[in-house]
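Below: the structure, in structure tokens.
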Amino acid sequence: MGIPIHFHPSAYPERLRQDWLESHQRRVVPAHCLYESTGQAQRWLAYARAWAPIHRGRDYQQLYERAYDLAWQTIGNAPFDYVGYGCGDGLKDANFFGSMPSPGQLETLRLMDISASLLIEAYQRLQSLKPEAWVVNLASMSDGLFQRSETPQRPLLLSCLGMLPTLGHRHLLPFLTGQLRPGDLLLLSANLSPSSNPTGRQHILTQYDNEPAMQWYAGYLIELGLPRDGFSCRATTQDLEGVEGGFRIQVMAHLKKELSLSLSGARINWAVDDSVDLFRSERWTSNGLRILFQTHGLQCLEALESEDQEEGLYLLQVADG
Ligand SMILES: C[S@@+](CC[C@H](N)C(=O)[O-])C[C@H]1O[C@@H](n2cnc3c(N)ncnc32)[C@H](O)[C@@H]1O
Numbered sequence: 013m014g015i016p017i018h019f020h021p022s023a024y025p026e027r028l029r030q031d032w033l034e035s036h037q038r039r040v041v042p043a044h045c046l047y048e049s050t051g052q053a054q055r056w057l058a059y060a061r062a063w064a065p066i067h068r069g070r071d072y073q074q075l076y077e078r079a080y081d082l083a084w085q086t087i088g089n090a091p092f093d094y095v096g097y098g099c100g101d102g103l104k105d106a107n108f109f110g111s112m113p114s115p116g117q118l119e120t121l122r123l124m125d126i127s128a129s130l131l132i133e134a135y136q137r138l139q140s141l142k143p144e145a146w147v148v149n150l151a152s153m154s155d156g157l158f159q160r161s162e163t164p165q166r167p168l169l170l171s172c173l174g175m176l177p178t179l180g181h182r183h184l185l186p187f188l189t190g191q192l193r194p195g196d197l198l199l200l201s202a203n204l205s206p207s208s209n210p211t212g213r214q215h216i217l218t219q220y221d222n223e224p225a226m227q228w229y230a231g232y233l234i235e236l237g238l239p240r241d242g243f244s245c246r247a248t249t250q251d252l253e254g255v256e257g258g259f260r261i262q263v264m265a266h267l268k269k270e271l272s273l274s275l276s277g278a279r280i281n282w283a284v285d286d287s288v289d290l291f292r293s294e295r296w297t298s299n300g301l302r303i304l305f306q307t308h309g310l311q312c313l314e315a316l317e318s319e320d321q322e323e324g325l326y327l328l329q330v331a332d333g
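Heads up, the sequence shown is in the working numbering, so the first residue is 13 and it goes up one at a time.
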């Protein structure tokens, strides 16, 4: 028996190809490219298992468990719909549903990700809850992904874990706010930094500048056709403009060999000494992030932050008025 997977128009090949060409001509690799192929999905999983907070100790796992308990307390026994944006391999969604108080209350479960390979893993983990699996490109979305039922108006729990650093606050926060109706809940995770001074940044940078991370970033360029000795990668940080204490981790590839590709009649020509913007991830201080929530009309019902102030989980809803 196969797995049914839906493709949203944002992930139709023609649309992805256009975006791919336009960004690669500017020498920017869109975030989703690092996850999409089977090889990249596996390399990301290897990196995540070594470095992602959820795999790095009991403190972080307890943080997630507490956030799930609070979400269940807020939902109560009411029927609800669930959407997992950027669900990856579905590990966190499966953990969440592991403590569902009343199995009959889940009406629809939608899992969404750009990577069909990761979606299959997520689907298999959550199969008993009869999920719908959707390949989507959240980076190119501005409006709703699917029609919400008017009657009955069931609340939605929108889970968006690990996505804010990846897609960035400028795109993702307005998009998420636009998806929420009064009574809906947003469970959002964010990568935090206790401070934004050079020592604090250097400490955070080690999480992105290590062997499994470099293999993951480099894997994409190797799949494109560059040999491993055809480029070197360097990770740095920059201020996030207009966000108190926020910064972006950026990995640039410096080319030592040229790459010339043609796709649908268009060409990508990368020359020796060109720099390619390969990876970006955002970090916030707790305070900077709360200001951003307010700016985007999101009210924080619960905020859970790890003792080391490196991981935050927030239960949010659209603010009144
Ligand atoms: C950092 S991982 C987080 C995965 C999972 N939610 C977790 O917390 O472990 C980011 C996820 O977003 C997905 N993703 C990245 N860009 C995307 C896009 N433009 N549209 C949809 N999914 C995307 C990736 O495939 C990956 O599964």
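All C-beta atoms in this analysis are idealised placements derived from N, C-alpha and C, irrespective of residue type, glycine included.
Is residue i helix, strand or coil by DSSP?
i	result
Tyr154	Reading off the sequence shown, one finds Ser at residue 154, where the question assumed Tyr. Of the three classes helix, strand and coil, the one that applies to Ser154 here is coil, per DSSP.
Ser287	strand
Ile261	strand
Tyr24	coil
Asp93	strand
Asp125	strand
Cys312	strand
Tyr220	coil
Asn107	helix
Ala202	strand
Ile280	strand
Leu57	helix
Leu131	helix
Ser293	strand
Leu328	strand
Glu322	coil
Just reading off the beta strand (DSSP E) that residue i is part of, what are its end residues?
i	result
Leu271	Leu271 to Leu275
Gln250	Phe243 to Asp251
Ser171	Leu168 to Cys172
His67	No beta strand (DSSP E) holds His67; DSSP gives it neither H nor E.
Ile17	Ile17 to Phe19
Val147	Glu144 to Val147
Should residue i go down as buried or exposed, given a rule of 16 or more other Cβ atoms within 10 Å for buried?
i	result
Ser207	exposed
Phe19	exposed
Ser258	One point to set straight first is that residue 258 is Gly, not Ser, in the sequence displayed. So Gly258 counts as buried.
Leu273	exposed
Asp125	buried
Asp251	exposed
Glu48	buried
Gly96	buried
Ala283	exposed
Pro194	exposed
Tyr24	exposed
Anyone know if the C-beta pair for residue i and residue j falls short of 8 Å?
i	j	result
Phe92	Leu118	yes
Leu236	Phe243	no
Gln329	Asp155	no
His308	Leu185	yes
Met264	Asp241	no
Leu138	Leu123	yes
Leu199	Leu327	yes
Leu204	Glu294	no
Pro42	Asp31	yes
Ile17	Ala145	yes
Ends of the alpha helix (DSSP H) at residue i?
i	result
Asn299	Ser298 to Thr307
Ile87	Arg70 to Ile87
His181	His181 to Gln191
Leu46	Cys45 to Glu48
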